[in-house]
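Trainee:
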Amino acid sequence: MKKTFLFFIKEIESLIEVFVTIDILFILLIIKSVFDYCRILVFIVL
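Everything in the sequence shown is counted per the numbering used here, starting at 116 for the first residue and increasing by one.
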């Protein structure tokens, strides 16, 4: 019983790691898009 529980905890931890990684990539993508958008705006203004 305890072994199964530990295995379950490990599974959850790996899932959380995957989600965190996806989250970080998503945030980086948003920052990049915002940056590109600002650059285009600046280019148009100048």
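All C-beta atoms in this analysis are idealised placements derived from N, C-alpha and C, irrespective of residue type, glycine included.
DSSP on L140, reduced to helix/strand/coil?
Mentor: helix
Trainee: Nearest-angstrom Cα distance between K125 and V135?
Mentor: 15 Å
Trainee: Quick one: what's got a C-beta closer than 7 Å to L140's C-beta in the same chain, skipping five residues either side?
Mentor: Nothing listed; no residue qualifies.
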